[in-house]
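Residue numbers (my numbering): 2 to 855.
Ideal placement from N, C-alpha and C gives every residue a C-beta, glycine not left out.
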């Protein structure tokens, strides 16, 4: 939230007149009570003569494309002569007699923009009348110049020609406070000032109880008409979640009146653009008290009001000019003529404040947080009001907000507050939380002075009652009722957190906990780490795959309708509507990561990820929703656990482009299917298992360039590896011939086997064999037959060459294998190795039709 230091300081000084710190100290004060700031920035400096002036003459210049005025401005003796300063101005929001801010020649405005006398529109302009944007008080250009009340000269002791800087408040700093979602009360000057009062050990004076604390007039609410009687008949449907709804009415308002500069200044520094008197009042009260409000044109409201759920498909044109189709979950406010407002988010255009509005109907309410949040997300519409309702507002401040807004509008634009006030609903009762005074100290591992718990909880607004009971250590039992503006305080842990942050998190001693006795990481934890380390050492970069996948990704792949990977878990409240499913495979998220890298210019990419996938047993698998008011029963916990889908741990690898870059060492090489198989072997070595491979047809891989990864010694398929299908690459926006691997790590058998096999001390015998076979025969099948035929003397088989030529014949290829033989108890002879080799070749000839290459 953006807020000026001066506003917070004025609130704190109302009860602590001597309080004053610089910007750095104030920033430290925020951090001390747990509020980080995104930074703070001083209002840009203006140097040179910037003075108060009064517009004494106005001459309308004609013959130009836009209205231009030639003004005579009295700046006293600031120009050295006492004569009128003649200034060209295009603004229309001032009139003769208004007090303005004048930059005389020699002044340098933020930019920097140097002011000098210059000829324009056929006249010489001797300075500039300034707007808030030109003085750095607003981030965007504003519609008109700053106009100040005449009482500034009569009552405040200022004179024409005096320095304007202290009047408009240029010596100020704007803070950007990072307010977490659970602390909606802090999206206001009231809430932030309360926190700073705790940080600097000050007395806090609540502007909701006493508007004078906000530097508002002392007699602001004096003479405000009574509240007896209903202004309008208001009906609030029970299913809307609206606990309080209030209205106040102001009649006879001057529609041409503008909000005073002091109010516009606070709104501008909070990042809000001034609009008109009534709207500015609602925004000011929102930033002051944290209570969002809405202003209806009272003459455009027909009959009574009803707060209800919208009809599915009904429409509303909101204040931003967009016609919105409503859902049955949206809450709206309607009169006899139709829908007038989208509750908690934005008003409708049919009853907005217009240039001729003379009757204003102020609305303040307490809306359900979740309903407002879902409405904003559904319509992609967020506002300052919805930000506060989403985080929770104070239902007890509705009346104060209505009274202050009505009184302010009467001061600014005239008019009369109508007798009576509509108020439907009561302030919801806050929970009573039981705890002992010693609990914060036990949680922090320290001892706080007696009375700390009670004083700190009272400081944040809690009502604390001692029950008279004590625990075994003598600590007092307390019953704590949180304040209405703190709906986040629901259990003892929340109260402990309040005590700890106000006492200072830096005061909590840092004690390294003693590690409990145990056996360390489990075998699966060690395996997961070993797989990640092995792939990283192999040149792959780790990514964290998102669990959410695009709703249509399997249609893009072209999977069959009955493919089990299509059975996914749907999320009821997704972060994004087009990624509302949890993946049954890691590849969609890996492909997204590859595409992002490629679109950013990285053409040679090798990625890996280790994460869980979700594999439900049925298409619609719902989890029960037990009550949150107490701990679930054992039966409910069992039902919850039984409803959870399987979540096996997978590892995925995805690579594209060049595996080895070209250079003086050679032309380089690109990733191919064999690299995916080698990545699988890397995983196998890290996991302590062995894999075999066999040809497969499994989307999104390319048929003929895809292999099943099979756990050695079993028929269990644990994954797939190879080159991705060209159409999948094209539709997914990744390079052609990308290669991928995905393995179910939970399917691997990690049962340790003891004793480990012993290495033979005798030397091996190495022999090669080149076999000519049909192209359709997979190399993995050939390797398996050679292993089976060679017998126990064979220690290892490795394919190291693939050869094709016309001499071999069309559709034929030669596969050359290196065979390593070794005996465990003797030195193996060449004859024994040759005999085993011949047995292996004979079996390959018999089962696969292989021929020795001559």
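- Cα atoms of residue 793 and residue 848: separation of roughly 20 angstroms, rounded to the nearest angstrom.
- When 454, 482 and 346 are compared, the shortest CA-CA separation from residue 429 is found for 482.
- Contact between residue 702 and residue 725 holds: their C-beta atoms lie close to 6 angstroms from each other, under 8 angstroms.
- By the CB criterion at 8 angstroms, residue 52 and residue 164 fall inside the cutoff.
- Residue 174 sits close to residue 6, with the two beta carbons spaced by under 8 angstroms.
- Non-local beta-carbon contacts of residue 494 in its own chain, meaning distances under 6 angstroms to residues more than five positions away in sequence, are absent.
- By the CB criterion at 8 angstroms, residue 695 and residue 781 fall inside the cutoff.
- Ranked by Cα distance from residue 534, the first of 633, 610, 626 and 480 is 610.
- The residue from 552, 177 and 733 with its alpha-carbon nearest to that of residue 42 is 177.
- In this structure, the straight-line span from the alpha carbon of residue 500 to that of residue 181 is close to 18 angstroms.
- Cβ-Cβ distances below 7 angstroms link residue 13 to 20, 194, 197, 198 and 203 in the same chain, with the five nearest sequence neighbours on each side left out; the list follows chain order.
- Counting along the chain, the unbroken beta strand (DSSP E) around residue 468 starts and ends at 464-471.
- Membership of residue 340 in the beta strand (DSSP E) is indicated by the continuous run 339-343.
- As the crow flies, the alpha-carbon of residue 93 is around 15 angstroms from that of residue 102.
- Under the DSSP definition of a beta bridge, residue 747 lacks any partner.
- CA-CA distance, residue 95 to residue 18, rounds to 36 angstroms.
- Sequence-distant Cβ neighbours of residue 73 in its own chain, meaning closer than 7 angstroms and more than five residues away, are 57, 58, 85 and 87.
- Linking residue 474 to residue 487 through their CA atoms gives a straight-line distance of about 30 angstroms.
- Here DSSP, grouped into helix, strand and coil, assigns residue 434 to strand.
- When DSSP states are grouped into helix, strand and coil, residue 53 belongs to the strand group.
- Rounded to the nearest whole angstrom, the C-alpha separation of residue 661 and residue 328 is 55 angstroms.
- With respect to the C-alpha of residue 225, the residue from 406, 638 and 634 having the closest C-alpha is 406.
- By the neighbour-count definition (other C-beta atoms within 10 Å, threshold 16), residue 432 is an exposed residue.
- In this structure, the CA atom of residue 321 is about 37 angstroms from the CA atom of residue 60.
- Counting only residues of its own chain and dropping the five nearest sequence neighbours on each side, residue 313 has a CB closer than 6 angstroms to the CB of 329.
- Under the criterion of beta carbons closer than 8 angstroms, residue 834 and residue 822 qualify as touching, at roughly 4 angstroms.
- The Cβ atoms of residue 358 and residue 251 do not sit closer than 8 angstroms to each other.
- The Cβ atoms of residue 186 and residue 426 lie no closer than 8 angstroms to each other.
- In this structure the stretch 539-554 lies against the stretch 582-589, because at least three pairs of beta carbons, one per stretch, are closer than 8 angstroms.
- Per DSSP, the continuous alpha helix (DSSP H) segment holding residue 390 begins and ends at 385-392.
- Straight through space, the alpha carbons of residue 216 and residue 15 are spaced by roughly 8 angstroms.
- About 6 angstroms separates the Cβ atoms of residue 580 and residue 551, confirming a contact at the 8 angstroms cut-off.
- Distance between residue 766 and residue 657, taken at the CA atoms: about 39 angstroms.
- Taking 8 angstroms as the cut-off, the Cβ atoms of residue 448 and residue 455 do not count as close.
- If you draw a straight line from the Cα of residue 112 to the Cα of residue 141, it is about 13 angstroms long.
- Below 8 angstroms, too few C-beta pairs join the stretch 330-343 and the stretch 251-268 to call them touching: fewer than three.
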